[in-house]
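Protein chains in written order, with the numbering used here: chain W, 2 to 396; chain H, 5 to 312.
Below is one structure, written out as C-alpha cells, with a few remarks after it.
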C-alpha cells in the first residue's frame, strides 16, 4: 500500500513540475530592501515593478511569455544582496539581473554579476564608482551621483548666485559621493565650501553641528540624506532659525512626500535635486504617476519611476536580443535607445563612465506643502520661490 | 566673539537637554541593576515597545504622545513585573554553570521584542508629526536686544522638565515611602532585608516594573523629537549601560549626573570635533569611567560624604 502511495505522489510531483516547465512563464527574482531602514523605497519599487508587469502581461508579455516576478528581501544589507544575486545567477540561471535600491547593495550585486558574466541593470544605486570600474556587463539607467545635482547647479548659478555653501551628508556611499560631487561642482563655479560635515544615519541631535553651520553663515545649506534625517535636519534648522538664502537637498530623502509629512512647515521652500517628477512630459509618465496614486494613495518617488522603466527596458532588451545568452543580451542592452516613463534611456561610455545613461536632472521645490517641479523652466509645473522668507517672517 | 559664544551656549544647551533624556533612560537600568544585580539588556527594547504604544495611540485615536505618558508607563510597569515574575525569576532560581544567565535571558527577550515588532509593524520608519514638533522659544523673545540667539526647542524643554519631575518623584518615592525604603534595603543587602521582613520577591518585581515604566516615560517624551523603528532599542540599551557604569551601578544620583555628563560630552564632541565622532566620544567616556573611576560618579559622591 505504501509503495502505491509513494508512486502516486511521485507521479503527481512529476506531473506538476512538467506542467510548470511547459507553462509559458518567464520568471525574474528581484532583490530589494523590503525590511530594514530602506523598506519604504523597497516597497515603492516593488509596487512599480508589479504595475509594469501587469501592463506588460496584459499586452502579451515578453515574446508571448507571461512575466512572473519574485521579490527577495536583502534587508538593505549588501552581504545579503550579494548572496541573493549569487543565487539568482547560479541557481535560477536568470538571463539578466536587475534590482536593488541603495548604492552599497547595487555595488555588491554588480560585482557578482560581472564576475559571473551576467548582465545587470542598476536601477537606483547612484554612487559614481558603480559604472566607473570598466565593467562589461553592468548597465545603469539612473544618472550617477555626480550628475544628480546638474539641474540644481544650473538653478543655483542662474537664479540664486550664492557665494558660499555648507554641505551636510550622511556617511554611507550615497551621502559621501553626493557631498564630494557638490563640493567639486561648487568650487568649479566659485562657490566657497565653508563646511563639509558628515553624520551617522539615525543621529538624534544635529543642533551642535547646525550651530556651527549657523555661525559660518553660508548662503546655501546643501544636505544629502535619507528621509528621516532630512526631516530632522529641516526641523532643527527651523528651531535654530538658521536663515540661509536657500536650503537644498540632494534628492533621496528630500524628494519624497514623506519628507513634507514629517517636517510639516519646516519643509516649505526647500529645493531638491531630483531625477524625475510626475509632472514631466515623457510618454507614459502621467499615466504611471496617476495610476500609482490611484492604486496606492500617493505619487511614486523617482525610484518608482526607475523601477517601472526598468521593467519596460527588460522587455525591450529581451525582445531585441537574438538569443537570451549573456553576450546577446549585453549587445542588445548596449544598443538600447528608448524613451520610458522615467525618461530617455541610452547607454553611453564617456567621461570615465561605462554603460551609463546620461539624463537631464530636475529641481523640485516644496511650495504650499507639495513638491513642484521648478527647473528647468521648460518642465516647470510652478514658478520657483526665491528669495525665501526668513523663519521669523513665516506665519 | 559673540558668534563663538552662541555656538558654545547652544551646544551646551543641547547637551543638557540630551543629558536629561539620557538620565531618565539610565535611571531605570541602574535601579534594576542595584536591586536585582542583573544588567537589563532589554532596556532599550522596552522603550521601543512604549514608543510603539504611543505611536499607535496617536495614529488611531489621535492621542498626543505627552498624554500617553499616563498610559504607556503603567502598561510597561505591568509588563515589566510580568517579565520579572515569569521569565527572569525562574531563570535566576536555576542552578547553572553560568551565574549570569539572566543577562543572556534579557538579551534574548530584547531580540524577541525587536523581531515581533518588525513582523507586526514592518521596518518602516514611523513618526508622530505633531504641530509643536519644531516649535521653539528664543532668547530674543524675552530679551529683545540680546547679542546672541538661543533656541529652546519646545519638545526638548518639555522632555527635560518632565524628566526632572519624574526623577524628583522617584527620589521622593525611594527616600520617603515604605515601599521605596524596602527597595533600597533590598538593594543594599538582600538577605538582611529578607530577615527584616521585606518581601524581597515583590520588591524585585516592583523594581523591574518601575525601571520599565521609567524607560517607557522616556520613550513617550522622545517620540515627538525623533522617529521610530523596531531596532531602535539597541542604541539606547547601550547608552543606558554607559550611563549606569558612568554613574555607578545602582546609584540614581549617579545616573542623573552621568546622563548629563554624557549628553554634554557628546554635544561638545559633535560641534568641535565632528558629528561622526559623537559615538566615539561615548565609548571614550565609557572606557575612561571603567579605567579611572570604576565606582562611577557615585563613588565620588560617597567619598565626599565620608570626608564630611
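Just so you know, even glycine gets a beta-carbon here, dropped at the ideal spot from N, CA and C.
Computed from a prediction, not measured in an experiment: that's the story for all the values here.
The beta-carbon of residue 298(H) is placed no less than 7 Å from the nearest beta-carbon of chain W.
Around the CB of residue 154(H), 16 or more other CB atoms lie within 10 Å, so the residue is classed as buried.
Of the candidates 309(W), 279(W), 378(W) and 84(W), 309(W) places its Cα closest to the Cα of residue 122(W). For residue 347(W), there is no enclosing alpha helix (DSSP H), since its DSSP letter is neither H nor E.
Annotated three-state conformation of residue 395(W) is coil, per DSSP. Taking 7 Å as the Cβ-Cβ cut-off, the region 96-122 of chain H approaches chain W at 122, given in chain order. For the pair residue 302(W) and residue 31(W), the CB atoms are not nearer than the 7 Å cut-off. Per DSSP, the continuous alpha helix (DSSP H) segment holding residue 42(W) begins and ends at 40-59. Any Cβ of chain H closer than 7 Å to the Cβ of residue 210(W) would place that residue at the interface, and such an atom is present. The residue among 59(W), 81(W) and 183(W) with its C-alpha nearest the C-alpha of residue 249(W) is 183(W).
By the rule that beta-carbons nearer than 7 Å mark a contact, residue 394(W) does not touch chain H. Taking a C-beta cut-off of 8 Å against chain W, the contacting residues of the region 124-136 of chain H are 126, 127, 128, 129, 131, 133 and 135, listed in chain order.
Pairing residue 155(W) with residue 220(W) gives a Cβ-Cβ distance that is not under 7 Å. Excluding five sequence positions before and after residue 45(H), the CB atoms of its chain that fall closer than 7 Å to its own CB belong to 107, 110, 111, 114 and 241, given in chain order. Within the same chain, and ignoring the five residues on either side of residue 72(W) in sequence, the residues whose Cβ sits closer than 6 Å to its Cβ are 31, 33 and 47. DSSP, read as helix, strand or coil, puts residue 156(H) in strand. Among the residues of the region 258-291 of chain W, those with a Cβ less than 9 Å away from any Cβ of chain H are 259, 262, 263, 264, 265, 266 and 267, in the order of the chain.
Boundaries of the beta strand (DSSP E) harbouring residue 374(W): 371-376, taken from the DSSP string. Residue-level contact check: residue 206(W) touches chain H, since one or more beta carbons of chain H fall below 7 Å from its beta carbon. Contacts with chain W (Cβ-Cβ distance below 7 Å) from the region 265-276 of chain H involve 271, 274 and 275, listed in chain order. Residues 270, 273 and 274 of the same chain have their beta carbon placed closer than 7 Å to that of residue 282(H), with the five preceding and five following residues left out of the count. Within chain H, 279, 280, 282 and 283 have C-beta atoms less than 9 Å from the C-beta of residue 201(W), given in sequence order.
With 16 or more neighbouring CB atoms inside 10 Å of its own CB, residue 101(W) falls in the buried class.
The beta carbon of residue 138(H) falls within 7 Å of a beta carbon belonging to chain W, placing the residue at that interface. Between the C-alpha atoms of residue 247(W) and residue 255(H) there is a straight-line separation of about 48 Å. Assignment of alpha helix (DSSP H) within the region 164-219 of chain H, counting only whole runs of 4 or more residues, yields 182-192 and 194-199 in chain order. The residue among 133(W), 27(W), 300(W) and 270(W) with its C-alpha nearest the C-alpha of residue 395(W) is 270(W).
Pairing residue 256(W) with residue 365(W) gives a Cβ-Cβ distance under 7 Å.
Contact check between the region 233-242 of chain W and the region 137-154 of chain H: three or more CB pairs, one atom from each, fall below 8 Å, which counts as touching. For residue 81(W), the CB contacts under 7 Å within the same chain, skipping 5 residues up- and downstream, are 75 in chain order. The criterion of a C-beta distance shorter than 7 Å is not satisfied by residue 259(W) and residue 143(W).
Here DSSP, grouped into helix, strand and coil, assigns residue 98(W) to strand. Per the coordinates, the alpha-carbon of residue 278(H) lies some 7 Å from the alpha-carbon of residue 198(W). The distance from the Cβ of residue 39(H) to that of residue 247(H) is about 17 Å, inconsistent with a contact at the 8 Å cut-off. For residue 62(W), the closest Cβ of chain H is not nearer than 7 Å. Looking at the backbone, the Cα of residue 233(H) and that of residue 127(H) are separated by about 6 Å.
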